[in-house]
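To keep things clear, I will list the structure first and then write my remarks on it.
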Amino acid sequence: MCYDLSKYHDIILNFVPCGDVITTLSVTIYYLILQFFIMKFILENSNKVRFGKICSLSRSPNLELETPVLLVNTKAGSVMHLSHEVLMKIDGPIQCLQVPLSNSAKCYEGVRGFKKGIMEFAGMKGFLSYCSVHDPAEKLTKGKNEKEQISVNTCNGRIYITVQRYMEIMEAFQPDMYEALSDGYNDSNSSNRRLCKSSANSMSYFDECMRIHEKSKILKQTPVFGVIEGGHNLIYKEKIISHLLGNPNVCGFVISGLHSNGPDVEKLCFSSIESVVHQTLKLLPDDRVKVIHGCFRPEVVVRLIELGIDIFDSSLVDIVTNRGSAFVFGWEAVDKKTTMVNGNTEGDRDKSVENELQSYKLEISLGDKIYFDDFGPLLQGCSCLACQKHTRAYIHHLFVTKEMLGPVLLMIHNLHHYLSFFAFIRKTVRDGHRVGII
Amino acid sequence: METHANKCLQFNIIKECSVSKARTSFMVLPHYTVKTPVFMPVGTQGTLKGLLPEQLEALDCHIILGNTYHLGTRPGPELIKKAGGLHKFMGWNRALLTDSGGFQMVSLLSLAEITEEGVKFESPYGGSNCMLSPEESIHIQNAIGADIMMQLDDVVKTTTTGPRINWVDRCIEAHQNPETQNIFPIVQGGLDNELRIKCIKALMERDVNGFAIGGLSGGEAKTSFWRIVNLCTDYLPKDNPRYLMGVGFASDLVVCVALGIDMFDCVFPTRTARFGCGLTESGQINLKKQAYQCDYRPIEEHCDCSTCQRYTRAYLHSIVTVDTVACHLLTVHNISFQMRLMKSIQKSIEEDEFPEFVRDFMRKCFVNKEYPEWIVEALSAVNIHLDCS
Ligand SMILES: [Zn+2]
Ligand SMILES: [Zn+2]
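These protein sequences, in sequence, are chains A and B. Going by the UniProt record's numbering, the first sequence opens with residue 1, and the numbers climb by one from there. Going by the UniProt record's numbering, the second sequence opens with residue 1, and the numbers climb by one from there.
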């Protein structure tokens, strides 16, 4: 049953307990109320691998997102290399698009005057949108961060963004979900000094974001995700989490600071982030959504889902496509021999998973001469348009001649493949099985 | 010619303009029936600038062009043959036309030298000397398998002493697939009326199904350009298609259709898209300009292409020349623009309203009726008079 509660929304929001008088009880009550209007996360199974659905999004109340969710990464609102016409030829389920500020800030003036948000501006009306700060497909290189503003790498060079400006952009973009601004320049190699600074910056950006958020007619109904920086250091992470938990507007958490984005994330093995992710998750309430960005390899994604992460992005698709490769990895449902609660697994299973790393082939590189006269599809049995209508030999030719159709066809295949992978994961975890990569 | 057993081109004229030399027809080719007058987008290397074959079909594109020089170099005739021809290799089921490779060679390679044997050149992918003879050009074009092939012509010498007619014969002689592929000879002769007429007369003695007019997409004065086109269409047989090579600006297309041309090709619409420009009835707009930052109209009002249905100038402005999507979107629109223009031309000829169409088109194209003199002259030569006052 559906009730139109939106008219009560403002009344309730005006009862927001804020500032110093906030109490744990009032936060909890407020969060429960908030769920009706802003975003609801229904956790369907927290016993084994968690899955659930995100619904009642204030801007698109009729759409549901089944978790684990794949956010399809965009450049300025468009999926890389694909116009809307071509994107519609991919039959995989696109649940939500990710709009990173770093590649879409250039649209700000246009979107602001347009008044209908970034999705409709980018020709993507009808898609859900999630706004993040950085593009996970692009390596972060640190600029001079000031206390009041953060530097962002864009295709047109580095820009500096204040919290005020960030929130103005969010108001213009009108996303379905967005991340609070944070200082993302930290990873496992960061100095203590940097971690300290990034945490302090992030918390002060967050407070400032929320101050504007609560006053903004457009944004106060939009779910906000709090970003947990602090590298791999749990002391900083804990400090940020307790800060974020003090604000009832936070609908989900981004576990950040694990890496510095870009292709290097592929080299991360699960064991190098398992502990920090696991410990961080322990500090977070079960009933909120958890996000991790970055182009992790498929087996790492599977393990992160088993740990309890709900939302990922498709930056691996962008990276693999841009290096001229096509996905060929496969997946299978594996019967669970061991019970697993919140990612606590037995030791010997871990070993077999580590072996997966070597045992499957992620991609083939179409620039390779061996495909010169290979008239087979990119991947045997794939139902995407690129595999149905074109050959490896033709796509090899497109890469040799640097023709723009090459990346288009690879993107069609790779996105189709990765969307199918996530669809399979959603189905398999609901059936109570593990996912294996082959 | 009518007795040719395996005629793989039928040219069925639907209607001729009662005033000018314009006509509309169905040109039946082995892979597709092409409605003329037709504009053929250029897909140099077996792909049309980032568009999928089904996007071209959605744009109602009937025939596209491939470049023999490029395809002969990469991936090479052997591979294309192994793939079953270019149609299969690139996944395009409609008609294809290939040039001879000679023009590309002379314009791309500074060291190309033309002898009686053919075009001698240094390979750009390794220092060896190569020769593109009429036989070799046809050998490659046979492997590509386009519905229409071009003879190899001497683009340099023709302007002085007249075309090498024997190259046409060598091409026809070398042709292996007369049942499935046509050869069009090329009328050369520069800006010299006598050479052009001499060439046409000689070519008309050959067993061919259509004719191309070459050597007119360079920097010649427009007043010479239209006179030569007009001369050629006067002398060429009426019951064969006439292809004017390398011409594709909207106003040139309209004028040359009036002069009796049926087929055109040009890289302009796709090239200008890559530079961030969109074609409109009143000329092209450069979307990089700041003026479009908050312009929420489509590239062209009333355009039914997939780009204009969904995207604004403002969005294109914010991603132009940075994201490849902008280029794809502009390419779709620009090809749609050319296709729509040709369709309105065809329709107006069928309804015998072509002269009105031309006057209307020119009014939109040139504000305050400031028509270029050559257009006024060319059109009045075929009895279409622009109202200049
Ligand atoms: Zn595929
Ligand atoms: Zn259009």
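Glycine residues also receive a C-beta, built at the ideal position from the N, C-alpha and C atoms.
Closer than 7 Å: residue i CB and nearest ligand 2 heavy atom
i	result
A/Ser-85	Inspection of the sequence shows that residue 85 of chain A is occupied by Glu rather than by Ser. Outside the cutoff, so no.
B/His-333	yes
B/Cys-327	no
B/Thr-307	yes
B/Cys-61	no
B/Pro-37	no
B/Cys-303	yes
B/Pro-30	no
Beta-bridge pairing of residue i - partner residues as DSSP gives them
i	result
B/Gln-104	The partner list for B/Gln-104 (beta bridge, DSSP) is empty, contrary to what the question assumes.
B/Met-131	B/Lys-120
B/Pro-41	B/Cys-266
B/Val-254	Per DSSP, none; premise fails for B/Val-254.
A/Ser-365	A/Ser-325
B/Ala-212	B/Ile-186 and B/Tyr-243
B/Leu-96	B/Ile-64
A/Trp-331	A/Ile-437
B/Leu-48	B/Leu-51
A/Thr-154	A/Gly-157
B/Glu-113	B/Lys-120
A/Asn-45	A/Phe-51
A/His-40	In the sequence as displayed, the identity of residue 40 of chain A is Lys instead of His. DSSP, once it has assigned bridges, lists A/Cys-55 as partnering A/Lys-40.
Three-state secondary structure (DSSP) of residue i
i	result
residue 412 of chain B	With chain B represented from 1 up to 389, any question about residue 412 of chain B goes unanswered, as that position is not in the structure.
A/Glu-179	strand
B/Asp-234	helix
B/Val-376	helix
B/Asn-286	strand
A/Ile-90	coil
B/Tyr-32	coil
A/Leu-304	helix
A/Gln-388	helix
B/Lys-364	helix
A/Ser-60	coil
A/Met-170	helix
A/Arg-288	coil
A/Ile-159	strand
A/Glu-229	coil
A/Val-254	strand
B/Thr-280	strand
B/Val-19	coil
A/Asp-313	strand
A/Gly-52	strand
A/Asn-342	Its pLDDT being 38, under 50, A/Asn-342 is placed unreliably in this model, and the value from its coordinates should be taken loosely. In this structure, A/Asn-342 counts as coil in the three-state DSSP scheme.
A/Lys-351	Since pLDDT at A/Lys-351 reaches only 45, below the 50 mark, its modelled position is unreliable, and no value is offered.
B/Asp-147	coil
A/Thr-280	helix
A/Tyr-185	coil
A/Glu-356	Confidence in A/Glu-356 is poor, its pLDDT being 47 and thus under 50, which makes the residue's placement unreliable; the coordinate value appears in the next sentence. Of the three classes helix, strand and coil, the one that applies to A/Glu-356 here is helix, per DSSP.
A/Leu-82	coil
Contact test: residue i Cβ vs ligand 1 heavy atom, cutoff 7 Å
i	result
B/Cys-8	no
A/His-416	yes
A/Glu-393	Reading the sequence as shown, one finds Ala at residue 393 of chain A and not Glu. Every heavy atom of ligand 1 is 7 Å or more from the Cβ of A/Ala-393, so no.
A/Leu-378	yes
A/Ala-386	yes
A/His-413	yes
- request: Check whether the stretch 265–273 of chain B touches the stretch 294–303 of chain B, taking contact to mean three or more Cβ pairs, one atom from each stretch, closer than 8 Å.
  value: Contact between the stretch 265–273 of chain B and the stretch 294–303 of chain B is absent, with fewer than three C-beta pairs closer than 8 Å.
query: Is the number of C-beta pairs between the stretch 4–23 of chain B and the stretch 322–331 of chain B that are closer than 8 Å three or more?
result: Because the criterion of three Cβ pairs below 8 Å is not met, the stretch 4–23 of chain B and the stretch 322–331 of chain B do not touch.
message: Pairs of beta-carbons, one from the stretch 360–368 of chain A and one from the stretch 27–34 of chain B, closer than 8 Å: are there three or more?
response: Result no; under three Cβ-Cβ pairs closer than 8 Å.
Cβ contact check for the stretch 49–60 of chain B and the stretch 372–381 of chain A: 3 or more pairs under 8 Å: Contact fails between the stretch 49–60 of chain B and the stretch 372–381 of chain A, because fewer than three Cβ pairs, one in each stretch, are under 8 Å apart.
field: Contact residues within the stretch 72–97 of chain B, judged by C-beta distance below 7 Å to chain A
entry: Near chain A, meaning a CB-to-CB distance below 7 Å, the residues of the stretch 72–97 of chain B are Arg-74, Pro-75, Leu-79, Lys-82, Ala-83, Phe-89, Met-90 and Gly-91.
task: Name, going along the chain, the residues of the stretch 83–96 of chain A whose beta-carbon falls closer than 7 Å to a beta-carbon of chain B.
output: If you check each beta-carbon in the stretch 83–96 of chain A against every beta-carbon of chain B, the ones closer than 7 Å belong to Ser-83, His-84, Glu-85 and Val-86.
Where the stretch 92–126 of chain A meets chain B: residues whose CB sits under 9 Å from a CB there: Answer in chain order: Asn-103, Ser-104, Lys-106, Cys-107, Tyr-108, Glu-109, Gly-110, Val-111, Arg-112, Gly-113, Phe-114, Phe-121, Ala-122, Gly-123, Met-124 and Lys-125.
- prompt: Counting Cβ pairs, one atom from each stretch, are 3 or more of them under 8 Å apart for the stretch 128–142 of chain B and the stretch 175–188 of chain B?
  reply: Yes, the stretch 128–142 of chain B is in contact with the stretch 175–188 of chain B.
- prompt: Any contact of the stretch 389–396 of chain A with the stretch 30–44 of chain B, i.e. 3+ C-beta pairs under 8 Å?
  reply: Short answer: they don't touch.
message: Closer than 8 Å is the cut-off here; do at least three beta carbon pairs connect the stretch 249–258 of chain B with the stretch 301–310 of chain B?
response: Contact fails between the stretch 249–258 of chain B and the stretch 301–310 of chain B, because fewer than three Cβ pairs, one in each stretch, are under 8 Å apart.
message: Short of 9 Å Cβ to Cβ, which residues in the stretch 47–63 of chain B face chain A?
response: With the criterion set as a beta carbon lying under 9 Å from some beta carbon of chain A, the members of the stretch 47–63 of chain B are Thr-47, Leu-48, Lys-49, Gly-50, Leu-51, Leu-52, Pro-53, Glu-54, Gln-55 and Ala-58, in sequence order.
query: For the stretch 293–307 of chain B, which residues have a CB atom closer than 8 Å to at least one CB atom of chain A, in sequence order?
result: Cβ contacts with chain A come from Gln-293, Cys-294, Tyr-296, Ser-306 and Thr-307.
- request: Could you please tell me which residues of the stretch 310–335 of chain B, in chain order, have their CB closer than 8 Å to any CB of chain A?
  value: Cβ proximity to chain A below 8 Å picks out Arg-310, Tyr-311, Thr-312, Ala-314, Tyr-315, His-317, Ser-318, Ile-319, Val-322, Asp-323, Thr-324, Val-325, Cys-327, His-328, Leu-329 and Val-332 from the stretch 310–335 of chain B.
- prompt: Any chance the stretch 308–322 of chain B sits against the stretch 289–296 of chain B, with 3 or more Cβ pairs inside 8 Å?
  reply: Taking 8 Å as the limit for Cβ pairs, the verdict is that the stretch 289–296 of chain B does touch the stretch 308–322 of chain B.
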